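Below is one structure, written out as structure tokens; comments come after it.
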Ligand SMILES: [Zn+2]
């Protein structure tokens, strides 16, 4: 039986259970680490909030969460292990870096300008975090993550896509993606496949921001998986997303067309924003209040069933596909 690497160590795929494929316990835009003049994350104060969030997921029926926070956005494998142990829920972390449009750190480009072979170095980073562990611990990344900018894949991002495709082939770890604003999903899939990744080991993220079923079917025709992973993110211009009702309509159409084996779900929640606390505008606060882990099970599932989607399709998206994809 295949194993999956969680922050508490390897488990059998049969123990994954009901799985959300895209959430964040903590998250900050790259650069938050440098803002030392304000009271940021403090574990003694904030860990209980994160444990409470994990317990909320558990009470909604989730057995496993994939935390998609990448390194430069504050991935903390040791913190995730503490949350997982305290709440008794499986958490899987990723190896990856964020999109260039959100001010990628100069680190890799700086190295390249000094003559470093960053394609090899990024590949080594992915393989080390997947096979040996993160930060000299034995906590291994369960999957690799690549990110691309709105309407473009930059040269910087291409280094990660190439390296992730190769590392995925060599380690067997699947790849999840950030497709900004649901753009470049098709190009992400084509590029990762071109560089050697197995289509079944690719999950193109955030595609539920797109209501154009024909476009989604062109991506699915490549044999990759897509994420309906932003349930709860609606009503805020910055994100330019459809409503949850529109997501359910698009998803129903795809399921009735026979794509249940290639879709996985999540909310892309962020429980604690790292860095300087936000003072949200009323519109932003309303948006933030709506982003809860409740939306898929309490809003989407009843509507999908009402639309005539069989329970077996819900089970595929939340249980069978994650188990197959992650193993
Ligand atoms: Zn995310």
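Numbering (the numbering used here), first residue to last: 12 to 338.
The C-beta atom is built at its ideal place from N, Cα and C for all residues, glycine as well.
Fair warning: this is a prediction, and the values are worked out from it, not measured in the lab.
Top-ranked residue by Cα proximity to residue i, from the options
i, options, result
"residue 240", "70, 78, 55", "78"
"residue 149", "204, 125, 21", "21"
"residue 328", "263, 283, 69", "263"
"residue 265", "232, 244, 242", "232"
"residue 255", "304, 273, 295, 89", "304"
"residue 40", "23, 80, 18, 24", "80"
"residue 36", "335, 102, 165", "102"
"residue 158", "128, 131, 105", "105"
"residue 166", "184, 178, 144, 130", "130"
"residue 213", "228, 273, 261", "273"
"residue 146", "44, 184, 88", "88"
"residue 134", "184, 330, 49", "184"
"residue 139", "121, 325, 289, 174", "174"
"residue 49", "288, 338, 334, 324", "288"
"residue 71", "312, 334, 324, 338", "312"
"residue 84", "115, 330, 153, 302", "115"
"residue 162", "154, 196, 82", "196"
"residue 86", "296, 18, 258", "18"
Continuous alpha helix (DSSP H) stretch holding residue i: start and end
i, result
"residue 1", "With the chain covering only 12 through 338, there is no way to say anything about residue 1."
"residue 138", "129-142"
"residue 188", "First-last for residue 188: 186-190, but that is the beta strand (DSSP E), not the alpha helix (DSSP H)."
"residue 213", "From DSSP, residue 213 is part of no alpha helix (DSSP H) but of the beta strand (DSSP E) over 213-215."
"residue 336", "332-337"
"residue 95", "88-98"
"residue 323", "322-326"
"residue 124", "118-124"
"residue 204", "196-205"
"residue 224", "224-231"
Continuous beta strand (DSSP E) stretch holding residue i: start and end
i, result
"residue 106", "101-107"
"residue 238", "236-239"
"residue 16", "14-17"
"residue 159", "154-159"
Residue i versus residue j - alpha carbon distance
i, j, result
"residue 267", "residue 38", "35 angstroms"
"residue 136", "residue 58", "28 angstroms"
"residue 194", "residue 169", "15 angstroms"
"residue 317", "residue 224", "20 angstroms"
"residue 66", "residue 308", "15 angstroms"
"residue 283", "residue 293", "19 angstroms"
"residue 222", "residue 125", "44 angstroms"
"residue 164", "residue 68", "33 angstroms"
"residue 107", "residue 321", "35 angstroms"
"residue 286", "residue 42", "9 angstroms"
"residue 230", "residue 336", "17 angstroms"
"residue 310", "residue 54", "32 angstroms"
"residue 171", "residue 14", "25 angstroms"
"residue 23", "residue 180", "21 angstroms"
"residue 279", "residue 128", "33 angstroms"
"residue 100", "residue 281", "17 angstroms"
"residue 298", "residue 306", "13 angstroms"
"residue 218", "residue 56", "35 angstroms"
"residue 271", "residue 119", "38 angstroms"
Cβ-based neighbour list, residue i, same chain, cut-off 6 angstroms, excluding 5 preceding and 5 following
i, result
"residue 31", "73, 76, 277"
"residue 160", "110, 111, 112, 191"
"residue 226", "none"
"residue 188", "157, 199, 215, 216"
"residue 176", "203, 206, 207, 208"
"residue 332", "275"
Own chain, CB closer than 8 angstroms to residue i, minus 5 neighbours either side, in chain order
i, result
"residue 210", "200, 204, 233, 234, 235"
"residue 142", "151, 182"
"residue 122", "129, 132"
"residue 302", "243, 244, 278, 279, 280, 281"
Close Cβ partners of residue i (< 7 angstroms) along its chain, the five nearest in sequence each way excluded
i, result
"residue 252", "220, 241, 244, 245"
"residue 342", "Lying before the first or after the last residue shown, residue 342 is absent from the chain, which here runs from 12 to 338."
Hey, which unbroken runs of the beta strand (DSSP E) at 3 residues or more fall wholly within the segment 21-45? The beta strand (DSSP E) runs of length 3 or more contained entirely in the segment 21-45 are, from start to end of the chain, 30-38.
May I have a chain-ordered list of the beta strand (DSSP E) segments no shorter than 3 residues that lie completely inside the segment 246-315? Within the segment 246-315, the complete beta strand (DSSP E) runs of at least 3 residues are 274-276, 281-284.
Runs of alpha helix (DSSP H) lying entirely within the segment 42-84, each at least 4 residues, in chain order: As far as the segment 42-84 is concerned, its whole alpha helix (DSSP H) runs of at least 4 residues are 54-70.
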